[in-house]
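Chemist:
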Amino acid sequence: MKIDRRFFTESLVVRLGIALGAIVLLALAATISATVFAELSTGKAAAINLAGSLRMQSYWITLQVLRSGDIGRPPAELQQAMTEFDSRLTSPLLAGGIPADTADPTRRAYDRVAATWSGTLKPAVARVVTEGAPARDAFVARMAAYVLDVDRLVYLLEHDLEQRIQALRLIQGAGLFAIVVVMFISLYLMHAQVIVPLGDLLQCARRVRVGDFSVRARHSGEDELGQLGQSFNYMVEDLSRSYATLEARVVEKTEQLARTNVSLEVLYNITRALAENPLTQATLDGVMRDIERVVGLKAGAICAREEGDRRGFPVALHAGSEQAKSWCQQERCYECLSATAESGVRVVGSGEERMLSVPLSEGGKGYGVMLLQLPPGMQIEDWKIKLLESIGHHIGAAFATAKRSDQRRGIALLEERSVIARELHDSLAQSLSYLKIQVTRLKQHLNANDTREQALEVVEELKLGINNAYRQLRELLTTFRLRIDGRGLSEAIQETIREFSQRARIEILLHDRLLGHELDSSEQIHVLQVVREALTNVEHHAHARCADVRLAIDQGRVRVTVDDDGVGIRDAEPPTHHYGLAIMRDRAATLGGILQVAKRPSGGTRVELEFAPRGPFQIAVNQTSSVAA
1018 MKIDRRFFTE SLVVRLGIAL GAIVLLALAA TISATVFAEL STGKAAAINL
1068 AGSLRMQSYW ITLQVLRSGD IGRPPAELQQ AMTEFDSRLT SPLLAGGIPA
1118 DTADPTRRAY DRVAATWSGT LKPAVARVVT EGAPARDAFV ARMAAYVLDV
1168 DRLVYLLEHD LEQRIQALRL IQGAGLFAIV VVMFISLYLM HAQVIVPLGD
1218 LLQCARRVRV GDFSVRARHS GEDELGQLGQ SFNYMVEDLS RSYATLEARV
1268 VEKTEQLART NVSLEVLYNI TRALAENPLT QATLDGVMRD IERVVGLKAG
1318 AICAREEGDR RGFPVALHAG SEQAKSWCQQ ERCYECLSAT AESGVRVVGS
1368 GEERMLSVPL SEGGKGYGVM LLQLPPGMQI EDWKIKLLES IGHHIGAAFA
1418 TAKRSDQRRG IALLEERSVI ARELHDSLAQ SLSYLKIQVT RLKQHLNAND
1468 TREQALEVVE ELKLGINNAY RQLRELLTTF RLRIDGRGLS EAIQETIREF
1518 SQRARIEILL HDRLLGHELD SSEQIHVLQV VREALTNVEH HAHARCADVR
1568 LAIDQGRVRV TVDDDGVGIR DAEPPTHHYG LAIMRDRAAT LGGILQVAKR
1618 PSGGTRVELE FAPRGPFQIA VNQTSSVAA
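Residues 1018 to 1646, numbered by this note's numbering, are exactly what the sequence shown covers, in order.
#1: With distances taken Cα to Cα, identify the nearest neighbour of residue 1560 among 1239, 1548, 1299 and 1584.
#2: Going by beta-carbon coordinates alone, are residue 1131 and residue 1165 separated by less than 8 Å?
#3: With three or more beta-carbon pairs closer than 8 Å as the criterion, would you say the segment 1261-1269 touches the segment 1376-1395?
#4: For residue 1090 and residue 1124, what's the separation of their Cα atoms in angstroms?
#5: Mind checking residue 1102: buried by the 16 CB within 10 Å criterion, or exposed?
#6: Determine the contact status of residue 1184 and residue 1043, defining contact as a CB-CB distance below 8 Å.
#7: Please state whether DSSP places residue 1639 in a helix, a strand or coil.
#8: What separation, rounded to the nearest whole angstrom, lies between the Cα atoms of residue 1536 and residue 1626?
#9: Compare the beta carbon distance of residue 1388 and residue 1317 with 8 Å and say whether it is the shorter of the two.
#10: Along the chain, where does the beta strand (DSSP E) containing residue 1234 start, and where does it finish?
#11: Starting from residue 1297 and walking both ways along the alpha helix (DSSP H), at which residues does that stretch end?
#12: Can you find a CB in chain B that lies within less than 8 Å of the CB of residue 1529?
#13: Just to confirm before moving on: does the CB-CB distance between residue 1302 and residue 1287 stay below 8 Å?
#14: Please state if the CB of residue 1215 and the CB of residue 1234 are separated by a distance shorter than 8 Å.
#15: Could you give the distance in angstroms between the alpha-carbon of residue 1521 and the alpha-carbon of residue 1613?
#16: Would you tell me roughly how many angstroms separate the C-alpha atoms of residue 1099 and residue 1186, rounded to the nearest one?
#17: Which residues in the same chain have their Cβ closer than 6 Å to the Cβ of residue 1412, if we skip the five residues on either side of it in sequence?
#18: Are at least three pairs of beta-carbons, each pair with one atom in the segment 1568-1576 and one in the segment 1512-1532, less than 8 Å apart?
#19: For residue 1382, which of helix, strand or coil comes out of DSSP?
#20: Taking the alpha-carbon positions, what's the residue 1073 to residue 1047 distance?
#21: What does a CB cutoff of less than 6 Å around residue 1126 pick up in its chain, not counting 5 residues either side in sequence?
#22: Determine the burial state of residue 1297: buried for a count of at least 16 other Cβ atoms within 10 Å of its Cβ, exposed for fewer.
#23: Under the three-state reduction of DSSP, which class applies to residue 1460: helix, strand or coil?
#24: Could you give the C-beta distance for residue 1566 and residue 1510, rounded to a whole number, given that I count them as a contact under 8 Å?
#25: Do you know whose CA, among 1406, 1448, 1461 and 1512, lies nearest residue 1481's CA?
#26: Quick check on DSSP: helix, strand or coil for residue 1091?
#27: Among 1465, 1477 and 1470, which one has its Cα closest to the Cα of residue 1455?
#28: If you drop the 5 nearest sequence neighbours on each side, which residues of the same chain put their C-beta closer than 8 Å to that of residue 1189?
#29: Taking all protein chains shown into account, do 16 or more other C-beta atoms lie within 10 angstroms of the C-beta of residue 1457, making it buried, or fewer, making it exposed?
#30: Return the bridge partner residues of residue 1565 from the DSSP annotation.
#31: Residue 1571 bridges to which residues according to DSSP?
#32: Look up residue 1536 in the DSSP assignment and say whether it is helix, strand or coil.
#33: On the CB-based measure, 16 or more other CB atoms within 10 Å of its CB, does residue 1398 come out buried or exposed?
#34: Give me the Cα-Cα distance between residue 1273 and residue 1409, rounded to the nearest whole angstrom.
#35: Kindly list the residues whose CB is nearer than 8 Å to the CB of residue 1221, restricted to its own chain and excluding five residues on each side of it in sequence; keep chain order.
#36: Please report how far the alpha carbon of residue 1206 lies from the alpha carbon of residue 1240, in whole angstroms.
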């Protein structure tokens, strides 16, 4: 691959890289030289210490020689001192600090010290022990000269170490000087070729920022900053050409954003007004005032119509719109109502009677139109048409919501009437039929001149039936009163528990695990009646001190349990006077469930109702189970 020479001569990065590389190489050379000299000087300090200790050890040997002659001690300490001298003289630490070259002065001084010790002084010590004072004097004289040789060895070792340190200083000083020189050259290049061009570019950028597009960068060479300067000059030229149209675009975007903000504000106000207030003429008048303020068209009227009806009726009519009043005539409805969700906003009429018809729709279904007066020759903008269409959708959604609310209230009323009719038929109507039968029996006994006892028996049964019918009527009135209050099943059962607790002086606890939306209105009535009937039995027959009412749901089935700690139900209850159990079983059958009445192992009676609800909750449970399967 061929490399252009100009890359090395014109590239600022390469030049700065060469300068930094030279600094790194010089620093590396200084570091390597320092490492080499340090490695060569390893052991010099230990060798100097051992050589100096030879001088002290020679003094110690001389002292031991003198003392051995004076006090006649055995030569054990002298022999130990000589052995220590030998070990120090031949120590690897001392030998490692001596050059291996035999011509080196330090090597010659060490060889001389070693030869003098082994060839002269050690034999002299032996003669001192055997010959006495003359040999001792000769040894002391020779030891004085030997100490001078040891001093010479120490001096040479110290001199060699100092020379090495001096050479290291010289190399490091030269390297530092070279690094400083290269650094000054690099700083000069940095100033001349980086800082000055960058300063010029920054100054040009500041002037461009304040709108001066006549400025140009002076540094436009072949290096990187020169190429950056050329690109900057091209950019300034492009900016100067595009800046002329930028202000107009900014104004246009600002107006567009302002229109968007106004549209969002009016849509929010209209949506909030329609959601928080009933759909009355006052509410719609406020909506038309907002439209008139934003769109600039005088609002005329809001006309509603039923599905399939060819005519509409004004639900809101602007007080100052005489033109809209003239338009709101039955024979001209077809012109206004021609605007639909598919056709969008339409202009109806001509000349002085031009009107803008905005469809009120939701989900593709039309609920009417909104009329706005359109001055002659005026062309409405697109954003206003889109805004009016959005407002029409919101008003149509408000009409649809109001209509659905009316339908829900009607359905709820019909359901409530159906529940009341079914309850009357299942309870009070049957009791009245029973009473009618008893009256017929009583007439038969009276006509047949039967005994007084037979007639009284029918009268007692008639009295019992009347009491039972009265009790059922009272229960129904209580139940319907609880339902009319709108507090739901849980609150109704709690009020029932409070009623029976105060009346029978029994402690009754409620454990409700239902969420409150599992049962429809009919199922709630049946559950409430079963609980009341079970608590009535506890009050009249159980002789209990406390009772528990539990409502729970498990695997899609509702379980209602009433427990007491009374005497418990007998194994074979006679059918007479037990209308409550029959009523509860009838209600369980109506729910499609099972009613069980049994003794509790711990004492008392348990009444348990279990059934599968038919409301939306059960549908959701079935769907979840099918998906899991």
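Glycine included, every Cβ here is placed at the ideal spot set by N, Cα and C. Model, not experiment: these values are computed from the prediction.
Modeler: Let's see:
#1: 1584
#2: no
#3: no
#4: The predicted position of residue 1090 is uncertain, since its pLDDT is 49 and thus under 50; no value can be drawn from it.
#5: buried
#6: no
#7: For residue 1639, the predicted model reports a pLDDT of 49, less than 50, meaning its position is unreliable; a value from the coordinates is still stated below. Residue 1639 falls in the helix class under three-state DSSP.
#8: 14 Å
#9: yes
#10: Looking at the DSSP string, residue 1234 is not in any beta strand (DSSP E), and its letter there is neither H nor E.
#11: Segment: none, residue 1297 is in no alpha helix (DSSP H) and carries neither H nor E.
#12: Protein chain content of the structure displayed is limited to a single chain, and chain B is not contained in it.
#13: no
#14: no
#15: 24 Å
#16: 41 Å
#17: 1377
#18: yes
#19: strand
#20: 39 Å
#21: 1169, 1170 and 1173
#22: exposed
#23: helix
#24: 7 Å
#25: 1448
#26: Because residue 1091 sits at a pLDDT of 43, beneath the cut-off of 50, its placement in the model cannot be relied upon, and the following sentence gives the value as read from the coordinates. Residue 1091 falls in the coil class under three-state DSSP.
#27: 1477
#28: 1047, 1050 and 1051
#29: exposed
#30: 1526 and 1580
#31: 1574
#32: coil
#33: exposed
#34: 22 Å
#35: 1232, 1233, 1234, 1249 and 1253
#36: 13 Å
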